[in-house]
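Numbering (the working numbering) for the sequence shown: 1 to 286.
Ideal Cβ positions, reconstructed from N, Cα and C, are used throughout, including at glycine.
All remarks here apply to the structure that follows.
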Amino acid sequence: MYRIPFGAIYKIALSLICFVFTTSGTINAQKLPLPLPGKNAISGSAFKNRIENLSLEEREEEIFQQIINGNIPSFIRGLVPITFSSSINNVNYTVTYHVIPDYLAVGSDSDYFIIPMTPNMAQKIANAIHFTLPTKKMVDQIWSNASVKLAPSPIPPSPKMTTVPVMWEHNTRLKEQRKKALKQAPLGALVAGHKKDVIISNKIHENSSKPVVIYGWHYQNGTPIQPVYAGHSDTYADYSHGIRLVQDSVLINNQVDLISNILQDDDKCTLFSDEGVIAKPFYPLK
Numbered sequence: 001m002y003r004i005p006f007g008a009i010y011k012i013a014l015s016l017i018c019f020v021f022t023t024s025g026t027i028n029a030q031k032l033p034l035p036l037p038g039k040n041a042i043s044g045s046a047f048k049n050r051i052e053n054l055s056l057e058e059r060e061e062e063i064f065q066q067i068i069n070g071n072i073p074s075f076i077r078g079l080v081p082i083t084f085s086s087s088i089n090n091v092n093y094t095v096t097y098h099v100i101p102d103y104l105a106v107g108s109d110s111d112y113f114i115i116p117m118t119p120n121m122a123q124k125i126a127n128a129i130h131f132t133l134p135t136k137k138m139v140d141q142i143w144s145n146a147s148v149k150l151a152p153s154p155i156p157p158s159p160k161m162t163t164v165p166v167m168w169e170h171n172t173r174l175k176e177q178r179k180k181a182l183k184q185a186p187l188g189a190l191v192a193g194h195k196k197d198v199i200i201s202n203k204i205h206e207n208s209s210k211p212v213v214i215y216g217w218h219y220q221n222g223t224p225i226q227p228v229y230a231g232h233s234d235t236y237a238d239y240s241h242g243i244r245l246v247q248d249s250v251l252i253n254n255q256v257d258l259i260s261n262i263l264q265d266d267d268k269c270t271l272f273s274d275e276g277v278i279a280k281p282f283y284p285l286k
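Okay, structure coming up:
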């Protein structure tokens, strides 16, 4: 369900709480608003075994419960700021928004599973914590700002690419890549290039039978393997998809707003969108 029309005053108040400033004007470290994992939280590999033979619906419910209950690696909890400047109609804007440093995963720092999911589940998680998904423009900004730009590691296409074993195989590859880059940047640094992003776009609502929009998976030279593509149903997710959560609260010229509001603004939408106004910046939930 679309969140913007209800509780607008509450959400702005929440946004103001989310942004905490030091006396120097810089933004303090922010974290995902999720609880710490319980004593019985399972590892990424145990989670893989748990969901391997489940239906899609059962698998996604397991994903939701694990993430909402805080069973995520600690290195994903700390949000990373992205700051940029832009001029629109002779007005200069300085913008800071916050993203998770890697794609959503279940488990611990030593044993985690970067888990693909349908856009509906990604939106459900985002709604629950007042976050959003990135636009194409934001995916490019995140890649440009990443401390670690991992090379894509594709697996040959097959009917099995939507299955948990192939998702786990890709996860294992990514962990090896990340391990080699630890000297360059520790866990918690911004990482990009290793997955296609599920993004916010007008294309979500242009074809109700194929609303999933994906983009990214950048080569080392910055060229994405995947152009903006809307060719899958809302029940589709394969090993190459990643979910990058973005805090909906954003700082624009020292004023707090919401990315979801800005995307609907005729003038300021270009701060986050290269396709103009995105009137419905969300995936519809059933």
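Under the three-state DSSP convention, the category residue i falls into
i, result
"T22", "With a pLDDT of only 32 at T22, under the threshold of 50, the placement of this residue in the model should not be trusted; the figure read from the coordinates follows. Coil."
"D248", "coil"
"A46", "helix"
"I27", "A caution first: I27 carries a pLDDT of 45, below 50, which makes its placement in the model unreliable, though a value can still be read off. Strand."
"S87", "strand"
"T172", "helix"
"Q255", "strand"
"F282", "coil"
"G276", "coil"
"T235", "coil"
"I17", "Interpretation of I17 is limited by its pLDDT of 42, a score under 50 that renders its predicted location unreliable; no figure is taken from the coordinates."
DSSP bridge partner residues for residue i (one or two, in chain order)
i, result
"G216", "K196, Q226"
"T163", "DSSP, once it has assigned bridges, lists no residue as partnering T163."
"I82", "Y97"
"V148", "V191"
"A105", "I114"
"T135", "I200"
"H205", "BP columns for H205 are empty, so no partner."
Limits of the unbroken alpha helix (DSSP H) element including residue i
i, result
"V311", "Past the edges of the chain, shown from 1 to 286, lies residue 311, and the structure says nothing about it."
"A122", "119-128"
"F64", "56-68"
"I155", "First-last for I155: undefined, no H or E at that position."
"I76", "74-77"
Nearest-angstrom Cα separation, counted from residue j out to residue i
i, j, result
"F282", "F47", "28 angstroms"
"A341", "F75", "Nothing about residue 341 can be read from this structure; the chain reaches only from 1 to 286."
"E275", "A181", "34 angstroms"
"V95", "F84", "5 angstroms"
"Q226", "G242", "13 angstroms"
"N69", "I42", "11 angstroms"
"N207", "K39", "44 angstroms"
"L271", "M138", "9 angstroms"
"Q255", "R77", "24 angstroms"
"P33", "D109", "18 angstroms"
"I259", "L133", "10 angstroms"
"T23", "A189", "Confidence is the limiting factor: at T23 the pLDDT is only 30, short of 50, which leaves the residue's position unreliable and the question unanswerable from this model."
"N49", "Y93", "48 angstroms"
"I72", "K268", "34 angstroms"
Nearest-angstrom Cβ-Cβ length linking residue i and residue j, presumed shorter than 8 angstroms
i, j, result
"Y97", "V198", "The Cβ separation is near 17 angstroms, so there is no contact."
"R59", "I67", "At roughly 13 angstroms, the Cβ-Cβ gap does not stay under 8 angstroms, so R59 and I67 are not in contact."
"A105", "G44", "7 angstroms"
"V191", "L150", "6 angstroms"
"K210", "A230", "6 angstroms"
Short CB-CB distance (under 8 angstroms) between residue i and chain B
i, result
"V106", "Considering every chain present, this structure includes no chain B. It has just one protein chain."
Continuous beta strand (DSSP E) stretch holding residue i: start and end
i, result
"I114", "112-114"
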